[in-house]
Ligand code: GLA
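In my numbering, the protein residues as written are 261 to 649.
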């Protein structure tokens with residue numbers, strides 16, 4: 261698991277080395293794994309993510325000239341820009357976030373700053389490193405410029421930055437959990453009303469493993485947007501078929517599935533079935549989590565993976581290899597892919613005493629089947645945005 265304190269100290273000292281002064285504020289925000297509720301956020305559904313104890317740290321001093329100068333310890337690169345010219349690459353998340361935060365605050369001048377981006381976040385693994393960067397940067401800029409935005413307003417600004425920076429029509433889940441999570445709790449988030457509650461998650465009773473497949477397939481961005489469009493098309497057609505207003509797939513229920521199956525062509529019927537059944541699994545898992553019924557949580561997680569693989573078709577061979585290996589291990593409650601799909605990571609819920617044996621089995625099975633290595637991490641459940649002077 262990660263050492264939060266040392267990640268913050270490293271970012272502070274990198275700031276002094278790079279910019280010759282101490283930062284005014286250091287903010288950090290976590291990545292996430294979603295336990296259940298895959299690909300339902302943009303349909304207004306309910307999700308159940310947890311923030312992991314891997315964080316992006318952003319150290320900041322304000323600048324009066326409105327410029328943004330950002331240095332990444334990981335990339336060892338400095339980019340200078342203004343919010344009117346969002347650059348390409350990692351700094352797009354910083355500059356794009358600054359632009360959206362300024363807009364949300366209706367700020368009359370600009371949100372110029374020197375920033376150092378560091379931390380121990382696992383990048384490019386489907387764990388929302390981009391959301392953690394956006395939320396940490398937004399929290400730091402909000403503080404140094406005294407903008408007065410609350411965590412929900414920051415999360416919304418970050419979500420808008422993400423959509424602008426990468427051109428993916430993503431939902432609000434990643435930025436919300438990164439901003440609002442509570443340590444040792446999952447976040448049950450209603451992506452339509454944006455109301456949320458914290459559900460206890462006891463990591464001493466349930467170990468959380470993240471398995472990075474180290475692959476990313478080309479479909480990751482275009483395939484995601486295709487699924488968003490398929491859901492929109494299904495909504496348009498179902499509004500006629502069901503004879504009642506349907507704003508998004510959130511409004512479709514299990515009792516509608518017969519109509520869905522007879523009215524919609526493949527694969528639209530399967531896409532809807534995934535969303536409807538997935539929203540049920542979120543409710544089951546959230547209830548089971550609050551009553552410490554770990555096996556029921558795990559069953560919902562594994563059923564979620566099957567549905568994402570068969571009905572939503574966003575998995576890939578490498579993710580399925582890890583999930584299958586998990587299912588063959590004693591002590592695994594459940595496992596599923598996380599994030600958009602076609603690569604990235606798997607989350608597994610494991611009896612704490614079995615973590616080492618499960619890790620060894622996954623590593624060796626993955627090597628045998630794919631010829632490559634995966635990386636297995638035991639992670640803790642962290643809180644959301646933190647801002648320190
Ligand atoms: C990505 C998106 C999220 C969500 C997940 C799938 O992480 O950024 O909004 O849609 O995929 O659940």
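Each residue gets a CB set at the ideal place from its N, CA and C atoms; glycine is no exception.
Comparing alpha-carbon positions, the option among 495, 536 and 616 lying closest to residue 514 turns out to be 536.
Judged by the Cβ position, residue 388 qualifies as a neighbour of the ligand GLA at the 7 angstroms threshold, a heavy atom of the ligand being closer than this. Boundaries around residue 434 are those of the alpha helix (DSSP H), 433-440, since no beta strand (DSSP E) includes it.
Around the CB of residue 357, 16 or more other CB atoms lie within 10 Å, so the residue is classed as buried. Distance from the C-beta of residue 571 to the nearest heavy atom of the ligand GLA is not below 7 angstroms. Put simply, the residues with a CB less than 5 angstroms from any heavy atom of the ligand GLA are 298, 299, 301, 430, 431, 433, 434, 599 and 600, in chain order. Under DSSP, residue 594 shares a beta bridge with 609.
Between the C-alpha atoms of residue 444 and residue 475 there is a straight-line separation of about 29 angstroms. Straight across, the Cα-Cα distance linking residue 602 with residue 559 is about 22 angstroms.
Taken in chain order, the unbroken stretches of beta strand (DSSP E) that lie wholly in the segment 451-501 and span 3 residues or more are 456-460 and 467-476.
The bridge partners DSSP lists for residue 374 are 321 and 329. The beta carbon of residue 636 sits closer than 7 angstroms to the beta carbons of 469, 471, 619, 622 and 623 from its chain, once the five residues preceding and following it are set aside; these are given in chain order.
If you keep only unbroken alpha helix (DSSP H) runs of at least 4 residues inside the segment 381-422, you get 389-404. For residue 574, the closest alpha carbon among the candidates 349, 386 and 493 is that of 386. By the C-beta density criterion, residue 555 is exposed, having fewer than 16 other C-beta atoms within 10 angstroms.
For residue 287, the uninterrupted beta strand (DSSP E) run begins and ends at 285-294, by DSSP. Cβ neighbours of residue 617 within its own chain (closer than 8 angstroms, five residues either side excluded): 589, 590 and 591. Put simply, of 412, 417 and 305 the residue whose alpha carbon is nearest the alpha carbon of residue 507 is 305. With contact defined as three or more Cβ pairs closer than 8 angstroms, the segment 399-411 and the segment 274-281 are not in contact. Around the Cβ of residue 329, a 10 Å sphere holds 16 or more other Cβ atoms; the residue is buried.
Non-local beta-carbon contacts of residue 302 in its own chain, meaning distances under 6 angstroms to residues more than five positions away in sequence, involve 431 and 488 in chain order.
The beta carbon of residue 633 lies closer than 8 angstroms to those of 474, 623, 626 and 627 in the same chain, with the five residues before and after it left out.
For residue 648, the uninterrupted beta strand (DSSP E) run begins and ends at 646-648, by DSSP. Of the other Cβ atoms in all chains shown, fewer than 16 fall within 10 Å of the Cβ of residue 551; this residue is therefore exposed. With fewer than 16 other Cβ atoms inside 10 Å of its own Cβ, residue 427 counts as exposed.
Taking the CA atoms as reference points, residue 399 sits about 28 angstroms from residue 484. Under the three-state reduction of DSSP, residue 301 is assigned to helix. Here the alpha carbons of residue 522 and residue 644 stand approximately 44 angstroms from one another.
Residue 438 is not a Cβ neighbour of residue 314, given a cutoff of 8 angstroms.
Between residue 361 and residue 418, the alpha-carbon positions lie close to 8 angstroms from each other. By alpha-carbon distance to residue 290, the top candidate from 270, 414, 615 and 396 is 396.
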